[in-house]
Amino acid sequence: MFFDSLKEYEGMTPGLSRIKKFLKALGDPHKKLKCVHIAGTNAKGSTAAFTASILKNSGYKTALYTSPHLRRITERIKINGKDISKKTFAAIAEKYLALAEKCKLSYFEYLTAIAFIYFAAQKVDIAVIETGLGGRFDATNVITDPLVAIITSVNIDHAEILGSTIKKIAFEKAGIIKNSKVVCGKLSAQALKVIKCKTNPLVFGKDFTVTYKKQSLRFDYNGLKDNLKNLKISLYGKHQIQNAAVAACAIEVLKSKGFVIKDSNIKKGLAKAQWPARFDVRKINGAQIIIDGAHNPEATDAFISALKDFDDGNIKRTFIFAAMKEKDYTTVIKKIVPYAGKVILPALRNKRAVDTEKLKLVFAKYIPARNIFTVKNVKESLNLIKKREKAAAAGSLYLAGELIQHIRGL
1 MFFDSLKEYE
11 GMTPGLSRIK
21 KFLKALGDPH
31 KKLKCVHIAG
41 TNAKGSTAAF
51 TASILKNSGY
61 KTALYTSPHL
71 RRITERIKIN
81 GKDISKKTFA
91 AIAEKYLALA
101 EKCKLSYFEY
111 LTAIAFIYFA
121 AQKVDIAVIE
131 TGLGGRFDAT
141 NVITDPLVAI
151 ITSVNIDHAE
161 ILGSTIKKIA
171 FEKAGIIKNS
181 KVVCGKLSAQ
191 ALKVIKCKTN
201 PLVFGKDFTV
211 TYKKQSLRFD
221 YNGLKDNLKN
231 LKISLYGKHQ
241 IQNAAVAACA
251 IEVLKSKGFV
261 IKDSNIKKGL
271 AKAQWPARFD
281 VRKINGAQII
291 IDGAHNPEAT
301 DAFISALKDF
311 DDGNIKRTFI
321 FAAMKEKDYT
331 TVIKKIVPYA
341 GKVILPALRN
351 KRAVDTEKLK
361 LVFAKYIPAR
371 NIFTVKNVKE
381 SLNLIKKREK
391 AAAAGSLYLA
401 GELIQHIRGL
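So in full-length UniProt numbering, spot 124 of the sequence shown is number 124, and the numbers just go up one at a time.
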């Protein structure tokens, strides 16, 4: 693989000097792009998907860069909803690998550079760019003049890199703030205080709001100037309505900069936006499984809130669960167990995954051991789900990716 010679970011000194040096040698392709830049602990991907979908449905050639991927690395780099081809990805990765090694790029830095090279070569009208980790030292932060910056949420995650307080993490996320307008999701007063030291942001709940409908996927958007009625999304949960509103506000900022986007484009874009592994309801062998990549306490709260609404609050599901060692999985487990009748713990093909026996000990504090099963892999976990059973999966995007891959392959 092209990336075998490159280090993981966690083992490197934070900074932008490496990727800046690399991109400069190629004529700074990222500077040819008009960008929407998105940071946040959670909701980055969904918000990016909503934003990109609206732009695409408005007739703009729209690039989208996100991470991590669920099944294939090429999923991270899209134009108008279509992944970069394996052939094109391989050609770019191979062509510039020697320079990447010379500049000592990390795995993520090189992926980010490949995205910029591809988007510039394809002459996209606009690129929606999601940070990988934090903001200040994230490889995507070579973007110097975004059209609009978005900070979706600020909560504790990646504490070993970003810091263990909301104040420190907000400072890192605020690193993407330049001279453009900043749109914020639902943030704590502590996080907002940090961001307001750098800019006067447009904030969900203050500058723009939503009115929830009885039908769970519909809402009214009350914006800066736009007031849109009876909007529909396909992603389930009130948190996704909030994400859609953040995207709609960012679109208003783009309209003020000359982008031509009709109300009908916004409605169509929101309705058509897809983002797998976010309250992703699927069928397998006559059973229903809801797959969600929730992997930290805030994301788990959003998932459980949506699950209670979906199930009318009175169903215990069979949970497939896995987690990464660096995550606060004990808190996530505590939030899940009231809604878990049975738990299945598959081993993942990832060296960062928590050992299944260790997870079993945590679950056993809350659930009878006879209802907890450890299995060798994701395929075996799916085999334990009975016909007409209601199941759910959470704890890791890597788990979600493996599950979706197996379900699609059945």
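Every residue, glycine too, gets a C-beta built ideally from N, C-alpha and C.
C-alpha distance - E252 paired with V148, whole-angstrom precision: 10 angstroms
Identity of the residue in L224, I38 and F22 nearest T152 by Cα: I38
Among L399, S216, A347 and N265, nearest to L307 - alpha-carbon criterion: S216
The region 320-333 contacting the region 391-404, beta-carbon criterion three pairs below 8 angstroms: yes
Residue range of the unbroken beta strand (DSSP E) whose run includes T152: Neither: T152 is in no beta strand (DSSP E) and is coded neither H nor E.
Whole-number beta carbon distance between A100 and F22, since they are thought to touch under 8 angstroms: 6 angstroms
Residues bridged to K342 [DSSP beta-bridge criterion]: T318
Own chain residues within Cβ distance below 6 angstroms of S58, not counting five before or after: I261 and N265
Segment contact, 8 angstroms Cβ cut-off, at least three pairs: the region 278-288 with the region 225-240: At 8 angstroms Cβ cutoff, the stretches touch.
Cβ shell of K61 (< 6 angstroms), same chain only, five flanking positions each side left out: V124 and D125
Collapsed DSSP secondary structure at H239 in the structure displayed: Under the three-state reduction of DSSP, H239 is assigned to helix.
DSSP state of C35 mapped onto helix, strand, coil: strand
Whether V194 touches K167 by CB criterion (8 angstroms): yes
Continuous alpha helix (DSSP H) stretch holding T300: start and end: P297 to F310
Anticipated Cβ contact below 8 angstroms, V128 with A248, distance rounded: In fact, because the Cβ distance is near 14 angstroms, the residues do not count as touching under 8 angstroms.
Burial state of G409, where buried means 16 or more other Cβ atoms lie within 10 Å: exposed
Simplified DSSP state of N371, which is helix, strand or coil: Residue state, collapsed to three classes: helix.
N-terminal and C-terminal residue of the beta strand (DSSP E) that F63 is part of: Looking at the sequence itself, residue 63 is Ala, so the reference to Phe does not match. Where A63 is concerned, the enclosing beta strand (DSSP E) stretches over T62 to Y65.
Pair within 8 angstroms by beta-carbon distance, T66 and E130: yes
Residue environment, Y118, which counts as buried when at least 16 other CB atoms sit within 10 Å: buried
E402 beta carbon less than 8 angstroms from that of L348: yes
Pick from C35, P68 and T13 that is closest to A400, judged by C-alpha positions: The residue from C35, P68 and T13 with its alpha-carbon nearest to that of A400 is P68.
Beta-carbon proximity of R136 to L111, cut-off 8 angstroms: no
CA nearest to the CA of A356, picked from F321, I336, K342 and A340: Residue 356 is actually Thr in this sequence, not Ala. Checked all of F321, I336, K342 and A340; the closest Cα to T356 is F321.
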